[in-house]
Ligand SMILES: [Zn+2]
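Numbering (my numbering), first residue to last: 1072 to 1505.
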């Protein structure tokens, strides 16, 4: 038997339907906000990630899937979604179309060679948003509230956004110096990663999982004290707009994000109860020019779908995930079967979820299979009735049945099913009858 590679998952059954449901909610909310779907390649030239995401970032230095293709090109499976979108923006000259800001969202798989003991996925799925071409703090607030509202639409009402500002380059340079002089006396005590970060990216020492609980971290410099006037104003506006948008947020100076390209606003989406990070993002005003495009201010975020779906399943926020079918068509002989084929097609094309029998099983087995699929209605075909143009329809919950003219079956379902769209609860069925 061949097993799936380490760090990958198979999505099946209810979880797969929950996944599709989450994607539908995302699509539908994005549409309301007028974000266009964008689909970029899963593999890109390696240079895109090395220049774009930055060589001091773990997901590029330690975790990328790099390979040479048969034409000896250096190829990398995308470890995140932003670089590809920015590349596409530049290559397709989206900036020249007088339509700024460009607002797009993606949804797809990313690849990171994570250490398996962390229980993380090597093929992970993220949906994300990128807005290219606006410096307005209104944009930061819209993007944050979009992430927040999608969670809300999914029923995740305990989301809280942790936000921080990394300021502009001037503010960050000052802060970086302050951090270095603060941590210098403790350099020997820091973990190996932090020793490296000290020169390359000292901001990331702040959120080190290993060191950040140490005593001397308590008095470490706070980025918010180093913001210059402009950066401070930007951040205050973002918070002001988030208040209008009724987003629940806390200012959290520990949020620095793992990527090199962020400036000004950075944020993470957390669950309030369990403090689980669902995703995050921020403003990145220099990435487009780093990748040889025109100066373009951007803001975006990404959220892990795997964790989001797990959370919905755990919290049983799945009442909108279909776990029933509308009708199961039952038959025995060949004549009835032809009618079953015809009826299934008619009903499906009219928008109903319909199953029938394919393996010549007995009626008894067909009843069992209908229950397995949680069928709302059973359609029983028998030759005598069919000769008179009749079919039997049985409500599988109330067990009431009636004969109707086959030609009226779509009207029947229109009337009985559209306003009764919640799944039946089979477990309570027996109690209800008492
Ligand atoms: Zn450390």
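The C-beta atom is built at its ideal place from N, Cα and C for all residues, glycine as well.
Q) So what does DSSP say about residue 1235, is it helix, strand or coil? A) In this structure, residue 1235 counts as strand in the three-state DSSP scheme.
Q: Look up residue 1500 in the DSSP assignment and say whether it is helix, strand or coil.
A: Confidence is the limiting factor: at residue 1500 the pLDDT is only 37, short of 50, which leaves the residue's position unreliable, though a coordinate-based value still follows. Three-state result, residue 1500: helix.
(Q) Do residue 1148 and residue 1078 have their beta-carbon atoms positioned less than 8 Å apart in this structure? (A) A distance of 8 Å or more separates the beta carbons of residue 1078 and residue 1148.
Q.
Just to confirm the assignment, what range does the beta strand (DSSP E) spanning residue 1138 have?
A. 1136-1139
Q) How many angstroms separate the CA atom of residue 1451 from the CA atom of residue 1443? A) 17 Å
Q) Out of curiosity, what's the CA-to-CA distance linking residue 1135 and residue 1196? A) 15 Å
Q: Output yes or no for whether 8 Å exceeds the beta carbon distance between residue 1194 and residue 1176.
A: no
Q. Cβ of residue 1282 within 7 Å of any heavy atom in ligand 1?
A. yes
Q. What do you reckon, are the CB atoms on residue 1219 and residue 1202 nearer than 8 Å?
A. no
Q: Within its chain, find whatever has a CB closer than 6 Å to the CB of residue 1366; leave out the 5 residues flanking it on each side and keep chain order.
A: 1360
Q. Quick one: is the Cβ of residue 1396 within less than 7 Å of any heavy atom of ligand 2?
A. Annotation note on ligand 2: not contained in the displayed structure, which lists ligand 1 as its ligands.
Q. Would you say the segment 1247-1257 touches the segment 1394-1412, given that touching needs at least three Cβ pairs under 8 Å?
A. As far as the Cβ criterion goes, the segment 1247-1257 does not touch the segment 1394-1412, which means the pair count is below three.
(Q) With three or more beta-carbon pairs closer than 8 Å as the criterion, would you say the segment 1159-1175 touches the segment 1119-1128? (A) no
Q: Jot down the residue ranges of each uninterrupted beta strand (DSSP E) in the segment 1412-1493, minimum 3 residues, whole runs only, in chain order.
A: 1425-1427, 1446-1451, 1461-1466, 1472-1476
Q. How about residue 1398 and residue 1447: do their beta carbons lie closer than 8 Å?
A. In this structure, residue 1398 sits near residue 1447, with a CB-CB distance shorter than 8 Å.
(Q) My output table needs one value for residue 1386: the three-state DSSP class, helix, strand or coil. (A) coil
(Q) Considering just the uninterrupted stretch of the beta strand (DSSP E) at residue 1334, what are its terminal residues? (A) 1334-1342
Q.
Quick test of your reading: residue 1217 and residue 1355, contact by CB under 8 Å. State the CB separation rounded to the nearest angstrom.
A. Wrong, their Cβ atoms sit about 17 Å apart, outside the cutoff.
Q. Say the cut is 7 Å; is the CB of residue 1290 nearer than that to a heavy atom of ligand 1?
A. no
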